[in-house]
Each structure stands twice: as C-alpha cells, then as structure tokens.
C-alpha cells in the first residue's frame, strides 16, 4: 500500500483471513494486518483512538452480528471513518450486494477467487492500485487545517 | 449526447485526453471511451434517458466552470448516479483535494505523471483493478 499504516481486515471466516495473511506475506506487503471478525468489532477498532487508523479496509459482506453492508451504512456516516477506502472482498456475486455496496461508496468489489494463485493475483492487483493511489492523511484535524489554509490562500 | 459506453473521461485538456485515450487502448481496454471536456457535458451525458451508465468515471479536478469536486458532490447527491465508481486523475497532489475527494466517496486518486510511459503504467494499474472489481453498471437500477 502507499503508506505503512495498517490494513483492516473484516472477515469472520478464519481460513479466509489466514489466506489474506498468507498472500500479504507471499507478496511482501509490509502493512500490518489488523483482523476483526464482524462489523461491530471493526467499528470498535476504528472508533478507539488508541488504534492506528488503517489506510484501507478489506471487508467481507456475509458476517454474523453486523454484516458488511450494515457496517458500511454506519462507517460512511462517521466523518472520521468515511474517508478510508473500503474494498469489498466476498464470495457473494449477488446483484443486490454489488449495487448496495457501491451506493455506500465502496472503492472496489472483488469476488474472492477460490484458487490460491488467483487469490494472490487479486491481492497483488489491490496492493498495486492502492500503492499508486493517493490516500487521505490519517489525522482528520490536520487535513481540515490544511484545507482551511488552502482556501484562505485564495484558491 | 447518448451515453451507452463503459468509461466516461471528464478532462478539459485535449492533449491529456488524447494521451489517456491512447493509454487506455494500449492497455487493451476494448470498451469505448466517451470523452467530455467539462462537468456540464458529463452530467448531460449521464442523465440522458434510456442509456446505460458507464462502469467507471475518470475525473480531472481542475475543470472550467463546475470543477471536479463540485461535480463529485452533484453525482454523489443523485440517487441514479451515486453508485458509479469515480477515479480522480489529476495533476493536483494537494492533501486538501485528496481529503475532499475521499470524503465525497471517490474510488481512487491518481496523480498524472508527466511522461507518457508513466501515464501508461497508471492506466494499466487502473484497468487491472477495475477489470478485477465488479461494477454496478451492468446491474443498473435507475432509468429515468
């Protein structure tokens, strides 16, 4: 990824989580991978000021307690969280999931490849894209100050 | 203008637009690219009735009239258009533009490289990612 902040993985399936971890290792993606098992836990992680905010979020949809779309509905209304790009990584190819996710401003919707080699390729593609793309600064306050200074400078 | 094509490029600089289109074709993008030079034309194209929405919008920020960020605000406030993924492709690397873009729900922010080789690499990475990703366009829900 573009910077060294963690990647937040929201995934209830421990095998799938392990596969992501393994792909990160094989591709030498150095970002720490923070793993939470449902939307509720992910929100708790994101809302705890003691935790580093992730540079991107990899989100499964089908999870117990709070599923991916429910998580998005909350995350995308929280000013401190909404700017973090969320990439859906799921087995669901359901039209309604795709449409609903993009309505909630996801920055990609990737269907988990079953084959490990293809899975690694998918993670490589995600990593390359989010290494090239700029990312918003971690500290919202800093960025807001920047924007104010920027407009005051006569944009 | 009817808009039934998969990629909408909003770019006011004709030289940049040409280079981006060439890079898209070189990256095996078989989809037709519709190029419009300003936000007003982009909106007219997106809102023209009975046409499919593009799978992706590539958006310059520094546009004449309505600028890129204002355009984003309009799109994200329109329930028929809000689910189209938008990737910013601009010369500006201002942290403020980056933050505002992501606040408005963009799906990537790429700074234009100066040379053609760099641009080609950028387009290739965008193309790889968006051919891997699903897009809601084929599942269009809103026909006005």
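Protein chains in written order, with this note's numbering: chain A, 1 to 155; chain B, 1001 to 1144.
Glycine included, each C-beta is placed from N, C-alpha and C at the ideal position.
Take residue i as the anchor and find which of the options has the nearest alpha-carbon.
i                      : options                        : result
residue 1101 (chain B) : A:135, A:11, A:111             : A:135
residue 1010 (chain B) : B:1115, B:1118, B:1129, B:1065 : B:1065
residue 21 (chain A)   : A:75, A:123, A:148             : A:123
residue 1014 (chain B) : B:1038, B:1031, B:1027, B:1026 : B:1038
residue 1080 (chain B) : B:1136, B:1124, B:1110, B:1115 : B:1136
residue 88 (chain A)   : A:3, A:6, A:10                 : A:10
residue 148 (chain A)  : B:1096, B:1092, B:1043         : B:1096
residue 80 (chain A)   : A:43, A:1, A:32                : A:43
residue 116 (chain A)  : A:66, A:18, A:36, A:3          : A:18
residue 40 (chain A)   : A:6, A:68, A:1                 : A:68
residue 118 (chain A)  : A:97, A:104, A:27              : A:27
residue 1132 (chain B) : A:94, A:130, A:108             : A:108
Got a sec, what are the start and stop residues for the alpha helix (DSSP H) residue i sits in?
i                      : result
residue 992 (chain B)  : Residue 992 (chain B) falls outside the range modelled here, since chain B spans only 1001 to 1144, and no answer is possible.
residue 1111 (chain B) : Per DSSP, residue 1111 (chain B) belongs to no alpha helix (DSSP H); it is in the beta strand (DSSP E), 1109–1111.
residue 132 (chain A)  : 116–132
Which whole-angstrom value describes the C-beta separation of residue i and residue j, a residue pair presumed to lie in contact below a C-beta threshold of 8 Å?
i                      : j                      : result
residue 84 (chain A)   : residue 106 (chain A)  : Between residue 106 (chain A) and residue 84 (chain A) the Cβ distance is about 11 Å, and since that is not below 8 Å, they are no contact.
residue 1067 (chain B) : residue 1090 (chain B) : Not confirmed; about 10 Å, so no contact.
residue 38 (chain A)   : residue 4 (chain A)    : Incorrect: roughly 26 Å between the Cβ atoms, too far for contact.
residue 1 (chain A)    : residue 78 (chain A)   : At roughly 21 Å, the Cβ-Cβ gap does not stay under 8 Å, so residue 1 (chain A) and residue 78 (chain A) are not in contact.
residue 1042 (chain B) : residue 1018 (chain B) : 18 Å between Cβ atoms; not a contact.
Starting from residue i and walking both ways along the beta strand (DSSP E), at which residues does that stretch end?
i                      : result
residue 1036 (chain B) : 1033–1036
residue 1088 (chain B) : 1086–1090
residue 1009 (chain B) : 1007–1010
residue 1058 (chain B) : 1056–1059
residue 1015 (chain B) : That residue, residue 1015 (chain B), is in no beta strand (DSSP E); its alpha helix (DSSP H) goes 1014–1026.
residue 207 (chain A)  : Residue 207 (chain A) lies beyond the range of chain A shown here (1 to 155); nothing can be said about it.
Any 3 or more C-beta pairs closer than 8 Å across the region 1047–1065 of chain B and the region 1085–1101 of chain B: Flag = yes, the region 1047–1065 of chain B and the region 1085–1101 of chain B touch.
At least 3 beta-carbon pairs within less than 8 Å: the region 1113–1127 of chain B vs the region 1012–1032 of chain B: Note that the region 1113–1127 of chain B touches the region 1012–1032 of chain B; at least 3 beta-carbon pairs, one per stretch, sit closer than 8 Å.
Secondary structure, alpha helix (DSSP H): runs of 4+ residues fully inside the region 1–88 of chain A: Positions of the alpha helix (DSSP H) runs, each at least 4 residues long and wholly inside the region 1–88 of chain A, are given as 14–26, 39–47, 68–75 in order along the chain.
Three or more C-beta pairs below 8 Å linking the region 87–104 of chain A and the region 53–70 of chain A: Cβ pair count under 8 Å is three or more, so yes.
Inter-stretch contact at 8 Å, needing at least 3 Cβ pairs: the region 63–79 of chain A / the region 1068–1078 of chain B: As far as the Cβ criterion goes, the region 63–79 of chain A does not touch the region 1068–1078 of chain B, which means the pair count is below three.
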